[in-house]
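Chemist:
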Amino acid sequence: MSLSYWSIGSTLINRYFPLPLLIFGTFGNLLNIYVFTRKTLRRNSCVQYFLCTTIVSFVALYVGLMTRLLNGYNHDYTSYSSILCKIRYFLTYLSLYCTSWFITFACFDRYCSSSRSISLRNLCQRKIVYRIIFLITFVGCLIFSETFYCFNNGNINSVASCYTISVQCQIVDGLLLMIFYTTIPICLMISFGYFTFRNIQQSRRQVTTEFKGTIIGINKRKRDLQIFTMLFVQVGILILFSSPMGLYKFYASLTVYLDKSNEPKARAKDLSGLKPQWLIGNLKNTGVSTGEVALHEVFAKLKENFGDAYLFWLGPYPSIILSRIEYVQHVLTDRHTYDQATSTTSSFGILFPSGLIALRGETWKRHARFILPMFKRAKILPYLNTIVNCIDHLVDEQFVKHNGEIRTDLVVQCQNVLLNVIARIAFDYDLELSSKTDSIHLREAFNDFVCYANQFIIATGIPPWLGKVILKLNWKFQKALITI
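As numbered in my numbering, the sequence shown has no gaps in its residue numbers, which increase by one up to the final residue, 1439.
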């Protein structure tokens, strides 16, 4: 069972995708403000909707995208503060809602202005527009006030993600956003757009005399046509980019209680575990993906909360974690049932099979029969002597020369052994033979080298080619590689 490619993809999107959107979005919104505040346009009622849309778009950019950008670099402060978590989603949802509804009422404004009804044309006044804008914002605040109850941050290690606190809140949140951000506004935009287009077609068949032959009348009609074209483009873009979110929210709300076909039956019947997040599972809400908590510490904490057997989600895939030696021995002994059976090979595999190591007896033979073929497939067998020599050196340093007493820096020494093994295998270089100063710099470089290589390729399970691209863009890894 491997990690999902989606987890690293999510990190990459959060890290590199929001920045160009912020730059171009800021530049575009500033241009919009400059254009819509010009004297020739600001008297137009429809332009007031465009101007307000631009303002709330700034909020969506810097509240929604900026937090995602910070999250990509592990600086998402909404994960630490419950208040910031709630405010983030409230402002993001409110700004998206207002953007959609301001464009909707801009379509309504164009429909009224193109109508032959005097009462409808009288609605195209700025004072009425301001009242509508206030009403839209007020209703949006009421609708999405649910975020102050439904969203919170919390996990087993005090560093958490910001997400809904229950399945019921997830359903309500998804349905509200789907209905009031996409479904109703899109239907109204299409309807008003159709009626506006029909009004324009009817007006072209008539011989108008109100502005005929005057420069002012011609310019006004040109501006109205430009505004209508601009509105048409904005509606198309809004529908194109908001519809996928609405469809996803609808799907998530429908399937939140359904068992997915690739989930083991034990999840619903027997095993408990921490609630997974979409696509990234438990990697983020336990602190594993950010590197703040070691995996064995997470497992120890989860064992206290959920017992000796529980579910841990690696991306979208569930893993059964066994914390009792008897359970592990049973799985390794009966491999034909748990690992090699025809019915399970496509959906089940043993993760961390070297977690149980026996040194002698029949258990050792069984373990060797299990591990050595894996070493052979991974082309590790030619380097076994190098690995054994490094381990023997550690044992000699820690036990023989210290009268069998384990030194307090045993963890550090084990890390140094791992670095030395990698250095000797990959670079044919012995860190133990270097000078003290060079050894410190080299160990730091090797530590960065191993850490980032493991983080982007091994721990996240991404394809090798994508891992190479990521490591090429990681300046710390490249600096370590140059040092080595």
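Even glycine gets a Cβ: it sits at the ideal position worked out from N, Cα and C.
For my contact list, Thr-1054 and Ala-1015 are in at a C-beta cut-off of 8 Å; report their separation, rounded to the angstrom.
Modeler: Here residue 1054 refers to the residue found at position 99 when the sequence shown is read from its first residue. Here residue 1015 refers to the residue found at position 60 when the sequence shown is read from its first residue. Confirmed, about 7 Å.
Chemist: Go ahead and label Ile-1091 buried or exposed: buried means 16 or more other beta carbons lie within 10 angstroms of its beta carbon, across all protein chains shown.
Modeler: As a working mapping, residue 1091 is identified with position 136 in the sequence shown. It counts as buried.
Chemist: Can you tell me where the alpha helix (DSSP H) holding Ala-1264 begins and where it ends?
Modeler: Taking the first residue of the sequence shown as 1, we reach residue 1264 at position 309. Counting along the chain, Ala-1264 falls outside any alpha helix (DSSP H), though it belongs to the beta strand (DSSP E) covering 1264-1269.
Chemist: What number of angstroms, rounded off, separates the C-alpha of His-1348 from the C-alpha of Asn-1402?
Modeler: Working through the sequence shown from its first residue, we reach residue 1348 at position 393. Working through the sequence shown from its first residue, we reach residue 1402 at position 447. Using only the alpha carbons, I get a separation of about 20 Å.
Chemist: Mapping the DSSP letters down to three states, classify Phe-1307 as helix, strand or coil.
Modeler: In the sequence shown, counting from the first residue as 1, residue 1307 sits at position 352. The pLDDT assigned to Phe-1307 is 49, lower than 50, so where the model puts this residue is not dependable, and the model offers no usable value.
Chemist: Below 6 Å CB to CB, which residues in the same chain sit around Val-1011 once its five sequence neighbours on both sides are set aside?
Modeler: Position 56 of the sequence shown, counted from the start, is the residue given in the question as residue 1011. Spatial neighbours of Val-1011 in its own chain (CB-CB distance under 6 Å, excluding positions within 5 residues in sequence) are listed in chain order as Ser-1050, Cys-1053, Thr-1054.
Chemist: On the DSSP letters alone, give me the boundaries of the beta strand (DSSP E) that Tyr-1118 sits inside.
Modeler: Numbered from its first residue, the sequence shown carries residue 1118 at position 163. It spans 1117-1119 - the beta strand (DSSP E) in which Tyr-1118 sits, taken as one unbroken run.
Chemist: Of the choices Ile-1139, Lys-1204, Arg-1071, Gln-1080, whose alpha-carbon is the least far from that of Ser-1000?
Modeler: By 1-based counting over the sequence shown, the position of residue 1000 is 45. Of the candidates Ile-1139, Lys-1204, Arg-1071, Gln-1080, the one whose C-alpha sits nearest the C-alpha of Ser-1000 is Gln-1080.
Chemist: Between Ser-1036 and Ile-1342, what straight-line distance do the alpha-carbon atoms span, to the nearest angstrom?
Modeler: The residue given as residue 1036 occupies position 81 in the sequence shown. The residue given as residue 1342 occupies position 387 in the sequence shown. Their Cα atoms are separated by approximately 46 Å.
Chemist: Based on the DSSP secondary-structure assignment, which residues constitute the bridge partners of Leu-1277?
Modeler: By one-based count along the sequence shown, residue 1277 stands at place 322. In the DSSP output, where bridge partners are listed per residue, Leu-1277 has Ala-1264.
Chemist: Got a sec? Which residues, its chain only, sit under 8 Å from Tyr-1282 by beta carbon, not counting five neighbours each side?
Modeler: Along the sequence shown, one-based indexing puts residue 1282 at 327. Counting only Cβ-Cβ distances below 8 Å, and skipping sequence neighbours, we find Asp-1263, Ala-1264.
Chemist: When the cut-off is 7 Å and only beta carbons count, does Phe-1093 lie next to chain C?
Modeler: Any reference to chain C falls outside this structure, which holds one protein chain only.
Chemist: Go ahead and pull the three-state DSSP assignment for Gly-1228.
Modeler: Taking the sequence shown and counting its residues from 1, one reaches residue 1228 at position 273. Gly-1228 falls in the strand class under three-state DSSP.
Chemist: Would you check if the segment 1037-1047 and the segment 990-1010 touch, i.e. whether three or more CB-CB distances between them fall below 8 Å?
Modeler: no
Chemist: May I ask you to report which of helix, strand or coil DSSP gives Phe-991?
Modeler: Numbered from its first residue, the sequence shown carries residue 991 at position 36. Here Phe-991 sits in helix by DSSP.
Chemist: Just to confirm before moving on: does the CB-CB distance between Ser-1197 and Thr-1137 stay below 7 Å?
Modeler: Locating residue 1197 in the sequence shown gives position 242, where the first residue counts as 1. Locating residue 1137 in the sequence shown gives position 182, where the first residue counts as 1. Contact: yes.
Chemist: Span of the alpha helix (DSSP H) holding Phe-1432?
Modeler: Within the sequence shown, residue 1432 is the residue found at index 477, counting from 1. Note, Phe-1432: alpha helix (DSSP H), 1430-1438.
Chemist: Express the C-alpha separation of Leu-1339 and Phe-972 in angstroms, rounding to a whole number.
Modeler: Here residue 972 is taken as the residue at index 17 of the sequence shown, counted from 1. Here residue 1339 is taken as the residue at index 384 of the sequence shown, counted from 1. Spanning the two alpha carbons is a distance of roughly 43 Å.
Chemist: Are the beta-carbon atoms of Trp-1056 and Pro-1140 separated by less than 7 Å?
Modeler: Here residue 1056 refers to the residue found at position 101 when the sequence shown is read from its first residue. Here residue 1140 refers to the residue found at position 185 when the sequence shown is read from its first residue. Cβ atoms of Trp-1056 and Pro-1140: closer than 7 Å.
Chemist: Where does Gly-1236 fall in DSSP's three states?
Modeler: Start at 1 with the first residue of the sequence shown, and residue 1236 comes out as number 281. Strand, per DSSP.
Chemist: With distances taken from CA atoms, which of Met-1133, Phe-979, Ile-1275 is nearest Leu-1201?
Modeler: Residue 1201 sits at position 246 when you count from the first residue of the sequence shown. It should be noted that the sequence gives Gly, not Leu, for residue 1201. The shortest Cα separation from Gly-1201 among Met-1133, Phe-979, Ile-1275 belongs to Met-1133.
Chemist: Between the C-alpha atoms of Phe-1089 and Met-1021, what's the straight-line distance to the nearest angstrom?
Modeler: Stepping through the sequence shown from its first residue, residue 1089 is reached at position 134. Stepping through the sequence shown from its first residue, residue 1021 is reached at position 66. Each residue's Cα considered, the two are about 26 Å apart.
Chemist: Which residues does DSSP list as the beta-bridge partners of Phe-1106?
Modeler: The residue you call residue 1106 lines up with position 151 of the sequence shown. Partner(s): Thr-1119.
Chemist: From Ile-1437, Thr-1008, Ser-1072, Leu-1238, pick the residue whose C-alpha is nearest to that of Leu-1186; which is it?
Modeler: Along the sequence shown, one-based indexing puts residue 1186 at 231. With distances taken between Cα atoms, Leu-1186 lies closest to Thr-1008.
Chemist: Express the C-alpha separation of Ser-1146 and Thr-1415 in angstroms, rounding to a whole number.
Modeler: Within the sequence shown, the letter at position 460 stands for residue 1415. Within the sequence shown, the letter at position 191 stands for residue 1146. Because Thr-1415 carries a pLDDT of 48, less than 50, the predicted location of this residue cannot be relied on, and the following value inherits that uncertainty. Going by C-alpha positions, Thr-1415 is about 47 Å away from Ser-1146.
Chemist: In the DSSP assignment, find the alpha helix (DSSP H) that holds Ala-1249 and state where it starts and stops.
Modeler: As a working mapping, residue 1249 is identified with position 294 in the sequence shown. Neither: Ala-1249 is in no alpha helix (DSSP H) and is coded neither H nor E.
Chemist: Drop a sphere of 10 angstroms on the beta-carbon of Leu-1428, count the other beta-carbons inside from all chains shown, and report buried for 16 or more, exposed for fewer.
Modeler: Within the sequence shown, numbered from 1, the residue matching residue 1428 stands at position 473. By the 10 Å Cβ count, Leu-1428 comes out exposed.
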